[in-house]
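Quick note on the UniProt record's numbering: the sequence shown kicks off at 1 and runs consecutively. Read through the structure below, which is laid out as structure tokens, and then see the notes.
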Amino acid sequence: MINDLLQLQSYLPRYDLEMSRLKRTLCILSVTKRCINQCSLFHKSSLAPIRRLPVEMLVTIFEEACTLPTFGVNSPITLPTTISSVCFYWRSICLSTPSIW
């Protein structure tokens, strides 16, 4: 009985070691999955139909939107900020278009 107990206890360090190895592997896989998801979202967003519009047309749309009456939803001051918060691409367009500010 004691021998059985000792033998069973001798297995524990091996399983602890294997569990540690698997936890490290899981961590690496989780980080890799997150990176793949981010890359996928980036590529997916670059395929969006809005990206096919020329910058000049987006500028015209933004200028028109910022001159429309707001009806209490957004003040004229915050609308350019809202538009520029959509994505990096729109932000760079807004920041290089002084007429909407």
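By construction, the Cβ of each residue, glycine as well, lies at the ideal position given by its N, Cα and C atoms. Only a predicted model underlies this, so the values are computations on that prediction, with no experimental measurement involved.
- Taking the Cβ atoms as the reference, C87 lies roughly 16 Å from L79, outside the contact range of under 8 Å.
- C39 carries a helical assignment under DSSP once its states are collapsed to helix, strand and coil.
- Using a C-beta cut-off of 8 Å, the region 89 to 101 makes contact with the region 54 to 64, since at least three inter-stretch Cβ pairs fall below that distance.
- Nearest C-alpha to S46 among Y89, S84, C35: Y89.
- Residue state for A48 is assigned as coil, using DSSP reduced to three classes.
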